[in-house]
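Q: Let me begin by handing over the structure; questions about it come next.
In our numbering, the protein residues as written are 286 to 734.
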């Protein structure tokens, strides 16, 4: 699988996970057992007294953890009768091992970090508390209409939310303006297409003897990104009822065949063709690079003053749609929690507009899970003089172009099949075989649910 994240060694960290192709890599760990619940899982929770001690588990960076501790201090001032014990496990595989082990024993944290891809598999295992009734009781405080509709869809199973949003992420095209200027090429407009992108990348292809030293477009083939591209081309990935994989269709085959052709032409790097561990955008190996909303700060640090750069909206497909696929992080309450009332009090606090501003908007990391905080995020970004100057396109895409869909219970098995097959694209794998294998292997697993 082609991975253009600027921090490839963080594949199972929080940022790496919602980066390029790693979101469900952790989900593979989380969902490897499959099935409709796990033997021995104790899900007998209790509302509790509403006071006392609750556990909060996170999977974030040291910088994020400092902000979490500040939020706990603020929470304690308003709720001195509830003690929140924070445990952060930064490494993704360790975090999901902890989740699995604790869930089987009925000892999950009262509140813990989940991702869009986790919700349906975790609900199938009976690990998460449905929040529908709680939200109905406290609707004015929770303000669910302030959440992004696309993320609400991803966090919902059978008409109930099972988590409240933390952040939300999507992709855009990172552009090296300096390279474009040298080539006499103007910045893309909002109406550009995927064909336009590949054509604009062609003049930048450069070889030194038999060795290619520059490409035109850094393209990720990560699954949840590709789902949006497929949709923009009239293709589907899952059945409407999310019970089967239907990725093997003519529209999707056209997309993947096009990618393979661009790899053969040297416009797009094939798997293993670029130096391992190198940021291909910051190193100017490509003028255009598909990357996520989470990568702006990292890109700024990696590029420094080497060249001018910005971000532009994703291209449109032949359908005329941009079909931006999004994914995000959220907070869930364990169904086995013995103090669900206190956990709910904390969940409302940590997902409030104030907390979302403090944790996301004010430090401009990813996109806030609340639309109101996204406005704050845009204000913070616009006051800065550092790139990207067009960072507001990320929340704008979320509002205008995000597809409102959910991920299936068998997501982790789909992810595993996808990564195995797409590792071969542009090397030895044939597009038709890749899609057929993904669909067949996924549907074998889907029958277990």
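We treat Cβ as the ideally placed atom computed from N, Cα and C, and that holds for glycine.
#1: Determine contact between the region 583 to 597 and the region 665 to 674, defined as no fewer than three beta-carbon pairs at a distance below 8 Å.
#2: Which residues does DSSP list as the beta-bridge partners of residue 598?
#3: Is residue 478 near residue 603, with beta carbons less than 9 Å apart?
#4: Using 8 Å as the threshold, is the region 644 to 652 in touch with the region 362 to 377, meaning 3 or more CB pairs across them?
#5: Could you check whether residue 416 and residue 618 sit closer than 9 Å to each other, using their CB atoms as the reference points?
#6: With a threshold of 8 Å on Cβ separation, who are the neighbours of residue 368 within its own chain once the five nearest residues in sequence on each side are excluded?
#7: Assign residue 726 to one of three DSSP states: helix, strand, or coil.
#8: In whole angstroms, what separates the C-alpha of residue 535 from that of residue 518?
#9: Ignoring anything shorter than 4 residues or poking outside the region 520 to 554, list the alpha helix (DSSP H) runs there in chain order.
#10: Quick test of the definition: if touching needs 3 or more C-beta pairs under 8 Å, does the region 605 to 616 touch the region 494 to 501?
#11: Is the CB-CB distance between residue 731 and residue 335 below 9 Å?
#12: Contact check, residue 388 vs residue 410 under 8 Å by CB: the rounded distance?
#13: Report buried or exposed for residue 682, applying the criterion of at least 16 other Cβ atoms within 10 angstroms of its Cβ.
#14: For residue 432, which of helix, strand or coil comes out of DSSP?
#15: So what does residue 746 bridge to, in DSSP terms?
#16: Apart from the five residues on each side of it in sequence, which residues of its chain come closer than 7 Å, Cβ to Cβ, to residue 750?
#17: Please work out which residues of its chain come closer than 7 Å, Cβ to Cβ, to residue 513, disregarding the five sequence neighbours upstream and downstream, and give them in chain order.
#18: Can you grab the Cα-Cα spacing for the pair residue 551 / residue 503, in whole Å?
#19: Considering only the alpha carbon of each residue, which of 396, 346, 348 lies closest to residue 330?
#20: Quick one: what's residue 616 bridged to in DSSP?
#21: Pick out whichever of 709, 508, 648, 475 has its Cα sitting closest to the Cα of residue 596.
#22: Taking residue 661 as part of the alpha helix (DSSP H), name the residues at either end of that continuous run.
#23: Got a sec? Which residues, its chain only, sit under 7 Å from residue 692 by beta carbon, not counting five neighbours each side?
#24: Is it right to say residue 628 is buried, meaning 16 or more other beta carbons lie within 10 angstroms of its own, or is it exposed?
#25: Which residues in the same chain as residue 352 place their Cβ atom closer than 6 Å to its Cβ, once the five residues preceding and following it in sequence are excluded?
#26: Comparing C-alpha positions only, which one of 660, 734, 600 sits nearest to residue 457?
#27: Which residues does DSSP list as the beta-bridge partners of residue 609?
#28: Going by DSSP in three states, residue 494 sits in which element: helix, strand or coil?
#29: Give the single residue among 558, 576, 580, 588 whose Cα lies nearest to the Cα of residue 569.
A: Result, derived from the coordinates:
#1: yes
#2: Residue 598 sits at position 313 when you count from the first residue of the chain shown. Looking at the DSSP assignment, residue 598 forms no beta bridge with any residue, so it has no partner.
#3: For the purposes of this step, residue 478 is taken as residue 193 along the chain shown, with counting starting at 1. For the purposes of this step, residue 603 is taken as residue 318 along the chain shown, with counting starting at 1. In contact: residue 478 and residue 603 (Cβ atoms closer than 9 Å).
#4: no
#5: On the chain shown, position 333 is the one that residue 618 refers to. On the chain shown, position 131 is the one that residue 416 refers to. It is a contact, given that the beta carbons lie within the stated cut-off.
#6: By 1-based counting over the chain shown, the position of residue 368 is 83. So the qualifying residues of the chain are 337, 338, 339, 361.
#7: Here residue 726 corresponds to residue number 441 of the chain shown, with the count starting at 1. Residue 726 falls in the helix class under three-state DSSP.
#8: The residue given as residue 535 occupies position 250 in the chain shown. The residue given as residue 518 occupies position 233 in the chain shown. So the two alpha carbons sit approximately 10 Å from each other.
#9: 535 to 549
#10: no
#11: Residue mapping note: residue 731 aligns to position 446 of the chain shown, counting from 1. Residue mapping note: residue 335 aligns to position 50 of the chain shown, counting from 1. For residue 731 and residue 335, no; Cβs fall outside 9 Å.
#12: Reading the chain shown from its first residue, position 103 is the one you call residue 388. Reading the chain shown from its first residue, position 125 is the one you call residue 410. So it is a contact: roughly 7 Å between Cβ atoms.
#13: Position 397 of the chain shown holds residue 682. Buried: at least 16 other Cβ atoms inside 10 Å.
#14: Translated into the one-based positions of the chain shown, residue 432 becomes position 147. In the structure shown, residue 432 sits in a strand (DSSP, three-state: E or B).
#15: No statement about residue 746 is possible, as the shown extent of the chain runs from 286 to 734 and does not include it.
#16: Beyond the ends of the chain as shown, which are 286 and 734, falls residue 750; an answer cannot be given.
#17: Taking the chain shown and counting its residues from 1, one reaches residue 513 at position 228. Within the same chain, residue 513 has close Cβ partners 608, 609, 610, 688.
#18: Within the chain shown, residue 551 is the residue found at index 266, counting from 1. Within the chain shown, residue 503 is the residue found at index 218, counting from 1. Taking the straight line joining both Cα atoms gives about 11 Å.
#19: Numbered from 1 along the chain shown, position 45 holds the residue referred to as residue 330. The candidate whose alpha carbon is nearest that of residue 330 is 396.
#20: Within the chain shown, the letter at position 331 stands for residue 616. Answer is 398, 449.
#21: Taking the chain shown and counting its residues from 1, the one referred to as residue 596 is at position 311. Answer by Cα proximity: 475.
#22: The sequence position of residue 661 within the chain shown is 376, counting from 1. Where residue 661 is concerned, the enclosing alpha helix (DSSP H) stretches over 656 to 668.
#23: Here residue 692 refers to the residue found at position 407 of the chain shown. Excluding residues within five positions, the ones whose Cβ falls inside 7 Å are 401, 402, 405, 439.
#24: Reading the chain shown from its first residue, position 343 is the one you call residue 628. Looking at its Cβ environment, which holds 16 or more other Cβ atoms inside 10 Å, residue 628 is buried.
#25: Locating residue 352 in the chain shown gives position 67, where the first residue counts as 1. Closer than 6 Å at the Cβ level, and outside the excluded window around residue 352, lie 644.
#26: For the purposes of this step, residue 457 is identified with residue 172 of the chain shown, where counting begins at 1. Measuring from the Cα of residue 457, the nearest candidate turns out to be 600.
#27: Start at 1 with the first residue of the chain shown, and residue 609 comes out as number 324. Answer by DSSP bridge pairing, in chain order: 687.
#28: Stepping through the chain shown from its first residue, residue 494 is reached at position 209. Three-state DSSP puts residue 494 in coil, outside helix and strand.
#29: The residue you call residue 569 lines up with position 284 of the chain shown. Considering only alpha carbons, the answer is 588.
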